[in-house]
Structures are given as C-alpha cells and as structure tokens.
Amino acid sequence: MEKLFIKESLNSPKVILDPVKKRYEISGKSFPENARSFYQPVHDWVMAVPKSNPDTIRLSFMLDYISSSSVISLKQLLSKVKTMNESGANIEVLWHYDPTDPDIKEIGQEYEKVVGMKLQFVEQPA
Amino acid sequence: MNLAILENRYSDLLNRYTGPGKRIIVSYRGEMDQDRVSMLSYTAEHQLETQGARRTTIKKTFNILIELLQNVLLHSASPAHGKPFYFVLAENMQDYVAICANVVSNESAKKIQETLDDIKKMNERQLKNHYMEVLSNDQYSAKGGAGLGLITVALKCNNNFTFNCIPLDEQVSLFEMTAIISDK
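For the record, the sequence lines run as chains A and B.
Letter 116 of the first sequence, counting from 1, is numbered 1605 in this note's numbering, and no numbers are missing.
Letter 125 of the second sequence, counting from 1, is numbered 138 in this note's numbering, and no numbers are missing.
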C-alpha cells in the first residue's frame, strides 16, 4: 500500500493514509467543488488494500461538516470498504463526532443503515 | 439575456431587508466559483457567531448556504455569460433569511420546480424517508448530486422555503430560492 496525503483546504479535508505510521485519517470540513474527483484517490487507495492483510486498518473519519455531494461520495467509499472487507481485507471504520452537534453522528448512523456495515462511533468534543 | 432583472431583484432585496428589526448580514452579486462558496459561507458563519446566534442555528445556516451556493456552482446554465448569481443572508426579526439566485436553463428550471413542489408537500418524517431513499439509490448525476442538496436544505429549514423562476429569454430563467431559518 502506498502512502496517500492530501492537504486540507478551506473546503476539503486533510487525508492521511500512511501504512508506515499506521495512521489513517480523514479530517476537517468536506465541501469540495467536485466531491467525486476529490475522493477518487481515497477510493483507489481502499481498493488497493491487500485482501489478506494481517494488520487491521483503523480508518478514522473526523469530519465536522459534510456537504450533500460529499455525503454521497463517502457513502460510495464506505460501500467499497464493505466490499473489500467481504473479500478478506480488514478495515475498521471509526466515526468521530462532537456530542454537541447531532449532524455528524446522524450521518454515520445513516451510513450504517444504507451501506449495511457497522461503524465504531467515537465521541470527541470539538 | 436580460440580466437587469437579476440586478433589480438584488437591489430590491437589499432594500427589503433594511429597516427596523431587519439587517443584511452578508450580500454579494457577481460571478460564482468555489472560492466564493467558501468565502461567503465562512463570512456568514463568522458574522452569526459575532452577533451571538445559537450554535445550532449557525450550523444549520452554514449547511443551507453551502448547499444553495454549490447548487449555483454546479447547475448554472450560462456558459456564454459566466455564472452570474446573487446571495443575501439577512436577519428578519427572530429569523435568518438566506436567498440565492442564479441563471439556469428552462429545462433545469422545470425539473427543479417539480422537485421542490414534491419536497414542499412532505412532512418531516416523509422528508427524512425521502433523503434515505435518495441516499440508498445509486443513480447519481455526473456532477455527483441526486437532489440530496435540495432535500438537505428543506430538512435544515424545517421545509420553510420558497422559490421562484423568472424567464429571462427562450433558453434560460432566473431561479431564486429563499430559506428561512428560525433562531428561536
């Protein structure tokens, strides 16, 4: 697996997918102009995760705002994670949320229903 | 294309939301690009924080503004004239009013009106179910949307929105949407 790093911008989150440091995070605000192309490298990275990887990848989402187009792209990303896990990969999804802001936790719960996979919810005050 | 209508309506809005109990918080008329989306939404967020609006209200407003402004960015239909639009966020007594307008093809205007007419008839539970249906459905447009942005706006303002389409010529219309966010 290669390292993927995308710098945070005013409208897009920071992405760190680093197999050497075992750090896998997407954090910040997500409302890029084109969510599909922004998340494409992350989709590609997930699809390249070895299906017989002995290590568990703990992928953390620490987002404090997600626009509707990003909601769709992240749902597609989580669907890919589910497919990869069904094929032998071991990716756990940690969904961080601020308990004073119901929106982010709610989006995570919607993903559990729509994608059909369990997320680990992590309470994290802003 | 008669852009004077756009200019006149923008001026009318600035007048309408100036006076006792009313105040313009952020307003802008010009060309849309992604930097404007960020600039206008962060400015609005900062202004609302400064004047002590409730955190949930600020969050809802930020959400609505991003969706309205990104709709302009993704669905403007005026390649020959750029992406002209106007945007006003105003205080009106206990409410905040977000108004956004841009030029769309008449075909898009018809589709948006039909979508919003359907959304307007829904109660909160129906809206939420509709949101989940659209999210479950994998038929997204090339631009990544699926009408989820409009449903999000409706959910965040408790379906308290209005819209209107004014034909500018045989090809395009001015589409204006107003969402009212209560700070009570």
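Even glycine gets a Cβ: it sits at the ideal position worked out from N, Cα and C.
Predicted model only: the values in this text are computed from it and were never measured.
- Note that the C-beta distance between residue 1562(A) and residue 1524(A) is below 7 Å.
- Cβ contact annotation for residue 1517(A) (same chain, cutoff 6 Å, sequence separation greater than five): 1497, 1502, 1503, in chain order.
- Taking the Cα positions, residue 178(B) is about 54 Å away from residue 1510(A).
- Distance from the CA atom of residue 1603(A) to the CA atom of residue 58(B), rounded to whole angstroms, is 31 Å.
- Non-local C-beta neighbours of residue 1588(A) in its own chain, meaning closer than 6 Å and more than five positions away in sequence, comprise 1612, ordered along the chain.
- Within the region 1502 to 1521 of chain A, contact with chain B at the beta-carbon level (separation under 7 Å) is assigned to 1520.
- With a threshold of 16 other beta carbon atoms within 10 Å, residue 89(B) meets it and is buried.
- Residues of chain A whose Cβ lies closer than 8 Å to the Cβ of residue 102(B) do not exist; the shortest such Cβ separation is about 17 Å.
- Contact residues of the region 1524 to 1549 of chain A toward chain B are 1524, 1525 (C-beta to C-beta distance below 8 Å).
- Annotated three-state conformation of residue 175(B) is strand, per DSSP.
- Listed in chain order, the non-local C-beta contacts of residue 15(B) below 6 Å within the same chain comprise 181, local neighbours out to five positions each way being set aside.
- For residue 1575(A), the enclosing alpha helix (DSSP H) starts and ends at 1557 to 1575.
- Closer than 7 Å to the CB of residue 79(B) there is at least one CB belonging to chain A.
- In this structure, the alpha-carbon of residue 98(B) lies about 24 Å from that of residue 132(B).
- Put simply, of 1515(A), 1541(A), 1586(A) the residue whose alpha carbon is nearest the alpha carbon of residue 1530(A) is 1515(A).
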